[in-house]
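Accompanying notes for the structure given below.
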Amino acid sequence: MSARTAPYNDSMRIGSGFNSYTQQLRVNDAVIKENKTALTDDDLKGKLTGNTDTISQQVTFTSKFVEHASDVTEALNISGALEIKYQGMGAKAAGSYLDSSKVKESDINYFVQVKVVNQQLIADDATKFNVIPNVSVTDQQRFTEVYGDSYISGFLEGGEFNALLSIKLNNKENATKVKGALSVELSKAGFGISGQAEGDFNKSEIAQNSETSITVSWAGGDIRDEKTKVEGWTIDSMARAAFAFPDRVRHTPQRTHAVITKYSALRSYQLLSNKGSPLDYENAGVYTNSLLESYLDYKDIWKAIGIRMLPSFI
69 MSARTAPYND SMRIGSGFNS YTQQLRVNDA VIKENKTALT DDDLKGKLTG
119 NTDTISQQVT FTSKFVEHAS DVTEALNISG ALEIKYQGMG AKAAGSYLDS
169 SKVKESDINY FVQVKVVNQQ LIADDATKFN VIPNVSVTDQ QRFTEVYGDS
219 YISGFLEGGE FNALLSIKLN NKENATKVKG ALSVELSKAG FGISGQAEGD
269 FNKSEIAQNS ETSITVSWAG GDIRDEKTKV EGWTIDSMAR AAFAFPDRVR
319 HTPQRTHAVI TKYSALRSYQ LLSNKGSPLD YENAGVYTNS LLESYLDYKD
369 IWKAIGIRML PSFI
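Here's what the structure looks like:
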């Protein structure tokens, strides 16, 4: 079974409580060492060892057309609850470059992701559940407010590259032609396209018949060169950056995700009398991802209504 993870941010600390549904940090030092001292980064041990020339990386490469915002947020490991919260505030979710409403507004979206793990940093001494006397473990709501349902047991170190190519068509009747032409350009750049990539439009005709944007973010790897800073991202530069990313991460890694473990995995938690249990979010997470799509539909309709209500002279 693969480890449960959440996007890393600088406020995360080993042993801190965590709510896996909202992806929010809870109380510090929710889990400590057996000798009742707090955990620090000095307690983290790498599971994969070796110098930068011999390290065995774990690389996952994904490139595909996507139709739903949740397809991308799931790939970014961002919960639907967190995305809805930050969309409502007009802000981006922590750890994400993506304005997921852009996927909804565009007619064609192509997503590229490269995940690289150099090593997994785990604190083997994180074994003792740190009881707060006035927080009853039998009170699910209070327990979850303070502790969450999980704790941070380690970190993944490596890199992550994400790119989203979005096309908004001038004429939706050209969707098939533009997508076919785009598939040809993506295939030329080295991306594997299922089926036969063909189209009546060339690259310049794609530009004439649509509004195209490429948004790129990365952690680790240091991929941006002077040319892309000046000219912006293209399909070719996006491909070069994606394919070269694992080797760059080999030399310049950083923390990308926190490893999340449920309290029920701790023997010290199981030994508590009348321990009760935190709230279980397994089914809620799946349901909320579908709510994210409905919420973005609502925002799209609300925006359209607002445009129609504008005075004609504006």
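Offset between the sequence shown (1-based) and my numbering: plus 68.
In this text, a Cβ means the ideal position worked out from N, Cα and C, and glycines have one as well.
Contact annotation: V246 and I176 have beta-carbon atoms nearer than 8 Å. Annotated as distal: S84 and R72, with beta-carbon spacing of 8 Å or more. Using a C-beta cut-off of 8 Å, the segment 316-330 makes contact with the segment 177-192, since at least three inter-stretch Cβ pairs fall below that distance. If you draw a 10 Å sphere on the C-beta of L339, you find fewer than 16 other C-beta atoms in it, and that means exposed. Using a 10 angstroms sphere on the CB of W370, the tally of other CB atoms stays under 16, which defines it as exposed.
Residue pairing of W286 in beta bridges, as defined by DSSP: F229.
In this structure, DSSP gives G216 an extended state, which the three-state scheme calls strand. Inclusion of T195 and S336 in the CB contact set at 8 Å is warranted, their separation being smaller than that value.
In the structure shown, A372 adopts helical secondary structure according to DSSP, grouped into three states. In the structure shown, the three-state DSSP call for G248 is helix. For G288, the closest C-alpha among the options Q276, L224 and L250 is that of L224.
Taking a cut-off of 8 Å for Cβ pairs, the segment 125-139 and the segment 347-363 touch, as three or more such pairs fall below it. The segment 242-260 makes no contact with the segment 216-223; the number of CB pairs closer than 8 Å stays below 3.
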